[in-house]
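Numbering-wise, the sequence shown is residues 1 to 546 according to this note's numbering.
Ideal Cβ positions, reconstructed from N, Cα and C, are used throughout, including at glycine.
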Amino acid sequence: MRIRLRGRILIAALLFGVPVLGQGPSPGQTQGPRLLLIPLDDRPSSVDFPVRIGAIAGATVVTPPRELLGRFTQPADADAVQRWMRTTIALAPRRTARPRDTAQVDAVIVSVDLLAYGGLVASRTLESGNVEQALARLQLLREIRARYPRLPIYASASLMRLAPTADGQNEGYREALARWAEIAPDSMRPAEAEELVRLRARIPEAILTAYRVARARNVRVHEALLDLSAEGVLTHLVFTQDDARARGVHLGEREQLTAQIARRRLQERISIQSGTDEFGMLLVARALTALRGRSPLVGVQYVAPDDSARLMPFEDRPLAETVRAHLRLAGARIPDARGARTPDEVALQLVVHTARATPERSVRAAALVRESAYPVILADVDPSGSIQGADTTLTDLLVSSGLFASLVGYGGWNTAGNAVGTAVAHGVVRWLVAHDSSVALFPDRQASQAAFLLDRWLDDDLYKSRIRPALVASVHARGWDPFRLTAAQTATIESELRVAVRGRVTMTTDLSGVIGTRCRVTSPIDVRLPWGRTFEAAFDFALRCG
């Protein structure tokens, strides 16, 4: 696969034909950083997105073999993943003459949910192991630090959401349990007290007990992570708040963590942030900015300024707080209240779009992208939570004008945290390419940028906003569960999806507004449902430019 593209950064890339993702540097080029990533689970957002974002900056992000990572409700083989980590860090082929006490990777990024339990879904159940097993698996991080004192180790761990995973067997009590967990900690109203009685009657006692024990186990693991941070084992630790509500048992857990972090003076080493799926990408950006010793100053502009103080769906803090925290975690800087001292200080502009109520507001968002004096990162957030995909009015304007292809970062999927985190990680890493002489002119970095933009457009816009709503309705009409398709049903839907996608994007479709005027798709686009449900899709394609 080869690509060649036009962009407003790095015009020199137009002189080369460039290989797409997954290929190494050309002869004479210096190999980029090598990052080890233990992902949240096996979904594209957990594995593929961080790998592809790293490739934009010339980094190789190595992950465990897919067969070790589990799938949906089947947890990863956490013990086999640990063995893989030991081998990869200590025995991987050396690309340079490293000292004996130097690791074979430049940074380690670990999802504790997978390392300790087997993944995000597994972290919500007791089947994934008890507290002793989980704590024992964390000892590997101490071993790595003892052997490699200077190796950066970044970790993330999720604060458990209220609702258990929909697994096709818990429909009778799943929502009742989530509502119980929402109102039980502080219910003082007579009406809610009566509601609690009704809810408890719907939840099997064994299920409620297991739910409480799983939460307590995770809290104990989080306390152990505080110890690892205090000991200097972890370079940075981020606690991620899985889908949240404004009330619930998760708030007490978070408050306890916040108090312990403050008491132990660990605020510089630990953050607590909204979201979950995006943190592999954000920590890849964090590792790369730290390794490069560079940090962009990012201005932030909201298309609907009042929305910066709103709670977005599935989150429990204002949008502006999520935006600031994600920027900092990615290694970016934010202007203070006085702004930048000179215009030259600002490196990137983050445009946060939540204003979808009228087409005029989408036009305004496109104007902000067009008129920006700086390269633009666009976070397209669904403020209703009903679509969880891109604003198609906005993307149509950007694609038709060629502005989409000029974006240095983009995200428009799922929650506000997911969209902002993807866009920020993408844009910060892309900025590194333009400000690092060792990789700036690598043509394959441009290919990786073009491919990631196309993947985001296919997924966030074409699939999630245009195709998925009708697809879900069709699945329901057949009496199938869109969140729990059988293997045969999945194959049927995937076949229909290929027809739908290829009907809109063919090998002759003009995609110049997405990836530049020189690029074209050179193979039929493939699509699959990685978890046998319609919620997420994965795309495969080949590009050629020039």
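DSSP has residue 318 in a bridge; who is on the other side?
Start at 1 with the first residue of the sequence shown, and residue 318 comes out as number 318. Looking at the DSSP assignment, residue 318 forms a beta bridge with 311.
Using C-beta distances below 7 Å, list every residue in its chain close to residue 118, excluding the 5 sequence neighbours before and after it, in chain order.
In the sequence shown, counting from the first residue as 1, residue 118 sits at position 118. Contacts found: 70, 75, 76, 78 and 128.
Give the DSSP-derived three-state secondary structure of residue 527 in the structure shown.
Residue mapping note: residue 527 aligns to position 527 of the sequence shown, counting from 1. Strand.
For residue 397 and residue 509, what's the separation of their Cα atoms in angstroms?
As a working mapping, residue 397 is identified with position 397 in the sequence shown. As a working mapping, residue 509 is identified with position 509 in the sequence shown. Cα-Cα distance, rounded: 17 Å.
Would you identify the three-state DSSP class for residue 260, choosing helix, strand or coil?
Position 260 of the sequence shown, counted from the first residue, corresponds to residue 260. The answer is helix: DSSP assigns residue 260 an H, G or I state.
Hey, residue 226 and residue 270: beta-carbon distance below 9 Å or not?
Indexing the sequence shown from 1 puts residue 226 at position 226. Indexing the sequence shown from 1 puts residue 270 at position 270. Yes; because the gap between Cβ atoms is below 9 Å, this pair is in contact.
For the structure I just gave you, are there three or more beta carbon pairs, one from the region 480 to 489 and one from the region 410 to 430, closer than 8 Å?
These segments do not touch.
Roughly how many angstroms separate the alpha carbons of residue 140 and residue 147, rounded to a whole number?
Stepping through the sequence shown from its first residue, residue 140 is reached at position 140. Stepping through the sequence shown from its first residue, residue 147 is reached at position 147. Taking the straight line joining both Cα atoms gives about 11 Å.
With DSSP run on the structure shown, which of helix, strand or coil describes residue 45?
The residue given as residue 45 occupies position 45 in the sequence shown. Reduced to three states, the DSSP call for residue 45 is coil.
Between which two residues does the alpha helix (DSSP H) carrying residue 139 extend?
Position 139 of the sequence shown, counting from 1, holds the residue named residue 139. 131 to 147 is the extent of the alpha helix (DSSP H) around residue 139.
Quick one: what's got a C-beta closer than 6 Å to residue 181's C-beta in the same chain, skipping five residues either side?
In the sequence shown, residue 181 corresponds to position 181, counting from 1. Answer for residue 181: 162, 248 and 249, listed in chain order.
Rounded to a whole number of angstroms, what is the C-alpha to C-alpha distance between residue 237 and residue 499?
What you label residue 237 is simply residue 237 of the sequence shown in a count that begins at 1. What you label residue 499 is simply residue 499 of the sequence shown in a count that begins at 1. Spanning the two alpha carbons is a distance of roughly 43 Å.
Determine the DSSP secondary structure at residue 511, reduced to helix, strand or coil.
Translated into positions along the sequence shown, residue 511 becomes position 511. Here residue 511 sits in coil by DSSP.
Let me check understanding here. Comparing Cα to Cα, which of 414, 387, 429 and 393 lies closest to residue 407?
Start at 1 with the first residue of the sequence shown, and residue 407 comes out as number 407. Answer by Cα proximity: 429.
Taking a contact to mean a Cβ-Cβ separation below 9 Å, would you say residue 368 touches residue 300 in this structure?
In the sequence shown, counting from the first residue as 1, residue 368 sits at position 368. In the sequence shown, counting from the first residue as 1, residue 300 sits at position 300. Their beta carbons are not under 9 Å apart, which means residue 368 does not touch residue 300 by this criterion.
Here's the rule: buried if 16 or more other CB atoms are within 10 angstroms of the residue's CB, otherwise exposed. What is residue 168?
The sequence position of residue 168 within the sequence shown is 168, counting from 1. The residue is exposed, with fewer than 16 neighbouring Cβ atoms inside 10 Å.
For residue 346, name the three-state secondary structure that DSSP assigns.
Position 346 of the sequence shown, counting from 1, holds the residue named residue 346. Three-state DSSP puts residue 346 in a strand.
Quick check on residue 540: does DSSP put it in helix, strand or coil?
Here the question's residue 540 lines up with position 540 in the sequence shown. Correct three-state label for residue 540: strand.
On the three-state DSSP scale, how would you describe residue 435?
Mapped onto the sequence shown, residue 435 falls at position 435. DSSP places residue 435 in coil when its eight states are reduced to three.
Select from 32, 150 and 501 the residue whose C-alpha is nearest the C-alpha of residue 541.
Numbered from its first residue, the sequence shown carries residue 541 at position 541. Closest by alpha carbon: 501.
Where do the N-terminal and C-terminal ends of the beta strand (DSSP E) with residue 239 fall, by residue?
Here residue 239 refers to the residue found at position 239 when the sequence shown is read from its first residue. Looking at the DSSP string, the run of the beta strand (DSSP E) that includes residue 239 is 236 to 241.
Cutting at 8 Å between CB atoms, please list the residues of its own chain near residue 175, excluding the five before and the five after it.
Along the sequence shown, read from residue 1 onward, the residue named residue 175 stands at position 175. 163.
Which two residues bound the contiguous beta strand (DSSP E) that contains residue 273?
Locating residue 273 in the sequence shown gives position 273, counting from the first residue. Residue 273 -> beta strand (DSSP E) spans 270 to 274.
Could you tell me which of 282, 359 and 356 sits nearest to residue 323, measuring between CA atoms?
For the purposes of this step, residue 323 is identified with residue 323 of the sequence shown, where counting begins at 1. The shortest C-alpha separation from residue 323 is found at 282.
Let me know the secondary structure DSSP gives residue 173 once reduced to three states.
On the sequence shown, position 173 is the one that residue 173 refers to. In this structure, residue 173 counts as coil in the three-state DSSP scheme.
For residue 44, count neighbouring C-beta atoms within 10 Å of its own C-beta (all shown protein chains included) and say buried if the count is 16 or more, exposed if not.
Reading the sequence shown from its first residue, position 44 is the one you call residue 44. Buried, by the Cβ-count rule.
Spell out a yes or no on whether the region 312 to 319 and the region 445 to 455 are touching, meaning 3 or more CB-CB pairs, one atom from each, closer than 8 Å.
Contact between the region 312 to 319 and the region 445 to 455 is absent, because fewer than three Cβ pairs lie under 8 Å.
How would you write the range of the alpha helix (DSSP H) that residue 89 sits in, first residue to last?
The residue you call residue 89 lines up with position 89 of the sequence shown. Element bounds for residue 89: 78 to 91.
Find the nearest neighbour of residue 539 within the set 461, 479 and 133, judged by alpha-carbon distance.
Residue numbering aside, residue 539 sits at position 539 when the sequence shown is read from its first letter. Residue 461 is the option with its Cα nearest to residue 539.
Considering Cα atoms alone, identify which of 218, 223, 265 and 262 is closest to residue 242.
What you label residue 242 is simply residue 242 of the sequence shown in a count that begins at 1. It is 218 whose Cα lies nearest to the Cα of residue 242.
Taking buried to mean at least 16 other C-beta atoms within 10 Å of its own C-beta, is residue 267 buried or exposed?
Along the sequence shown, read from residue 1 onward, the residue named residue 267 stands at position 267. The residue is exposed, with fewer than 16 neighbouring Cβ atoms inside 10 Å.
Please classify residue 155: does DSSP put it in a helix, a strand, or coil?
Position 155 of the sequence shown, counted from the first residue, corresponds to residue 155. Strand at residue 155.
Check whether the region 519 to 535 touches the region 40 to 55, taking contact to mean three or more Cβ pairs, one atom from each stretch, closer than 8 Å.
Flag = yes, the region 519 to 535 and the region 40 to 55 touch.
Considering residue 475, what are the terminal residues of the alpha helix (DSSP H) in which it resides?
Your numbering for residue 475 matches position 475 in the sequence shown. Note, residue 475: alpha helix (DSSP H), 468 to 477.
Which residue or residues does DSSP assign as beta-bridge partners of residue 109?
Counted from its first residue, the sequence shown places residue 109 at position 109. Answer by DSSP bridge pairing, in chain order: 37 and 154.
Which same chain residues end up closer than 8 Å to residue 200 when comparing Cβ atoms and leaving out the 5 residues on each side of it in sequence?
Indexing the sequence shown from 1 puts residue 200 at position 200. Correct list, in chain order: 180 and 208.
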